[in-house]
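**Q**
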Amino acid sequence: MFQSATRSGQVAGVVAMAARADGTVLYQGAHGVRRMGDTQPVTDDTVFWLASMTKAITCVGMLQLIEQGKAAMDQPAAELLPALANPQLLTGFDADGQPQLRPAKRPITVRHLLTHTCGMNIFMWDPAMARYMETTGVSREIDPDAPKLNLPLIHESGERWQYSSGIDWAGKVMEAITGQKLGVYLKQAIFDPLGMESTGFACTESMYARRAYLHLRQPDGSLAPQELGPNIPPRIERGGGGLHSTAGDYMTFMLELLNGGGRLLKPETMPLVTENQMGDLRVTPMVSVRPDLSHDAEFFPGVPKAWSAAFMMNLEDAPTGRSAGSLAWAGLTNCYQWIDPKKGVAGLVLAQHHPFADPVVLDLLYGLERGVYEMIG
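Just so you know, we're using numbering that gives the first Met the number 0 here: the sequence shown kicks off at 0 and counts up by one.
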């Protein structure tokens, strides 16, 4: 399955892994090349840009601060980061195409940031925000130098679920609480305790030498590699999407949570990770307005899904065998993971190309899942 996808050129390189809670490896494989057209192979220790698989790690870091009494789930986030005070809400556009704004009625809470119910969004899945950014010239969703939110909300906080930059802002909240850069905090609080030596916002020389190249799918279906660029620390350490890591490191993080998370969180905090934290709201399909970056995306259509304070949760069993209550998410670069607490397994598939929700990689993910569940019975 994986060899077929890489040999045919549908995927440049991919690493996949699945394991039981006790660490028993059910599948581990690295296939293809780091850069299409080259011969350097992808290996188990190849470094991938995780993109939004970063989010769960940032969320766990935020939950650590909550259990230390430095924040609270339902605390207005502006009390911790004044830039989040008094947000504006986009209501539409006038006859001249100018955006119409009004003050939001509800404050943004920490819970809203962690569960994608804060009213923010990501432009590639929202036509109104894409239009707003084009009209106003605002080029990015998070600006750490801005004294306030540089984009309006698209709905009131807590009103509905919409995939968002909220966890990027949660990362800025964490920096305000700790007085540290996000990467420094996560290294001390998560990476070092778990021995995740190949994970970070900035790549060490060793990590950079093992990076997989990002590829862009072309109109003819081929993959065009993009240059890595210089190895310099990012200006913004984005808690919603900036980490680089390996399959082994991320599996270590997932297995820690699968085994109760005791090295990271107290037992009384873990339900925030493993249980629905947005009430009756449900995850909705992500309809793309940037097909070069993402296809329309919906995992297991027809299966209701919610969000914990760290992961998407399927509320019913999925057709692959994934149990109800499993914890999962993905990254824009076609990285995918899941944790199944009921059946005691976790797995991931890491590729490195746009657009997101690539049908070929999703088939690999679901094929891996089905194989794992058939194996464990």
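Where is the CB? At the ideal position from N, CA and C, for every residue including glycine. All values reported here derive from a predicted model rather than from experimental measurement.
Within a Cβ cutoff of 8 Å, which residues of the same chain sit near residue 24, ignoring the five residues on either side of it in sequence?
**A** Excluding positions up to five away in sequence, the list reads 16, 17 and 18.
**Q** Indicate whether residue 118 and residue 170 have their beta-carbon atoms separated by less than 8 Å.
**A** Their beta carbons are not under 8 Å apart, which means residue 118 does not touch residue 170 by this criterion.
**Q** For residue 281, report the span of its beta strand (DSSP E) as first-last.
**A** Neither: residue 281 is in no beta strand (DSSP E) and is coded neither H nor E.
**Q** Is the CB-CB distance between residue 72 and residue 110 below 8 Å?
**A** Contact: yes.
**Q** Under the three-state reduction of DSSP, which class applies to residue 54: helix, strand or coil?
**A** Correct three-state label for residue 54: helix.
**Q** Please report the residue range of the beta strand (DSSP E) in which residue 92 lies.
**A** Taken as a continuous stretch (DSSP letters only), the beta strand (DSSP E) holding residue 92 covers 87-92.
**Q** Are the region 248-265 and the region 93-101 touching, with three or more C-beta to C-beta distances below 8 Å?
**A** Contact fails: fewer than three Cβ-Cβ distances are below 8 Å.
**Q** What residue range does the alpha helix (DSSP H) around residue 111 cover?
**A** Per DSSP, residue 111 belongs to the alpha helix (DSSP H) from 109-114.
**Q** Alpha carbon to alpha carbon, how far is residue 58 from residue 166? Give it in angstroms, no decimals.
**A** Distance between the alpha carbons of residue 166 and residue 58: 7 Å.
**Q** Can you tell me where the alpha helix (DSSP H) holding residue 272 begins and where it ends?
**A** It spans 269-273 - the alpha helix (DSSP H) in which residue 272 sits, taken as one unbroken run.
**Q** Buried or exposed for residue 374, please, with buried defined as at least 16 other CB atoms from any protein chain shown within 10 angstroms of its CB.
**A** Its Cβ having fewer than 16 others within 10 Å, residue 374 is exposed.
**Q** Using C-beta distances below 6 Å, list every residue in its chain close to residue 132, excluding the 5 sequence neighbours before and after it, in chain order.
**A** Cβ within range, chain order: 122.
**Q** Alpha carbons only, please: which of 310, 67, 361 and 346 is nearest the one belonging to residue 295?
**A** For the residues 310, 67, 361 and 346, the minimum Cα distance to residue 295 belongs to 361.
**Q** Decide if the region 22-39 is in contact with the region 211-226; the criterion is three or more beta carbon pairs, one per stretch, under 8 Å apart.
**A** The region 22-39, when compared against the region 211-226, does touch it at the 8 Å Cβ threshold.
**Q** From which residue to which residue does the beta strand (DSSP E) around residue 43 run?
**A** Run containing residue 43: none; DSSP gives neither H nor E here.
**Q** Would DSSP call residue 72 helix, strand or coil?
**A** In the structure shown, residue 72 sits in coil (DSSP, three-state: anything other than H, G, I, E or B).
**Q** So, for residue 164: in the same chain, excluding its five sequence neighbours on each side, which residues have a beta-carbon less than 7 Å away from its beta-carbon?
**A** So the list reads 119, 121, 140, 141 and 239, once near-sequence residues are dropped.
**Q** Would you mind working out which of 283, 29 and 247 sits nearest residue 1, comparing C-alpha positions?
**A** Among 283, 29 and 247, the Cα nearest to that of residue 1 belongs to 29.
**Q** Could you tell me whether the Cβ atoms of residue 82 and residue 147 are closer together than 8 Å?
**A** It is a contact, given that the beta carbons lie within the stated cut-off.
**Q** Taking residue 16 as part of the beta strand (DSSP E), name the residues at either end of that continuous run.
**A** Here the beta strand (DSSP E) through residue 16 covers 12-19.
**Q** Can you list the alpha helix (DSSP H) stretches of 4 or more residues lying completely in the region 112-169, in chain order?
**A** Whole alpha helix (DSSP H) segments, 4+ residues: 126-135.
**Q** Straight-line CA distance for residue 69 to residue 326?
**A** About 26 Å.
**Q** Tell me where the beta strand (DSSP E) around residue 80 begins and ends.
**A** That residue, residue 80, is in no beta strand (DSSP E); it is neither H nor E in DSSP.
**Q** Note down the Cα distance separating residue 357 from residue 303, rounded to an integer number of angstroms.
**A** Looking at the two C-alpha atoms, the distance is approximately 22 Å.
**Q** What are the boundary residues of the beta strand (DSSP E) that residue 330 is part of?
**A** Taken as a continuous stretch (DSSP letters only), the beta strand (DSSP E) holding residue 330 covers 326-330.
**Q** At which residues does the alpha helix (DSSP H) containing residue 182 begin and terminate?
**A** Where residue 182 is concerned, the enclosing alpha helix (DSSP H) stretches over 181-185.
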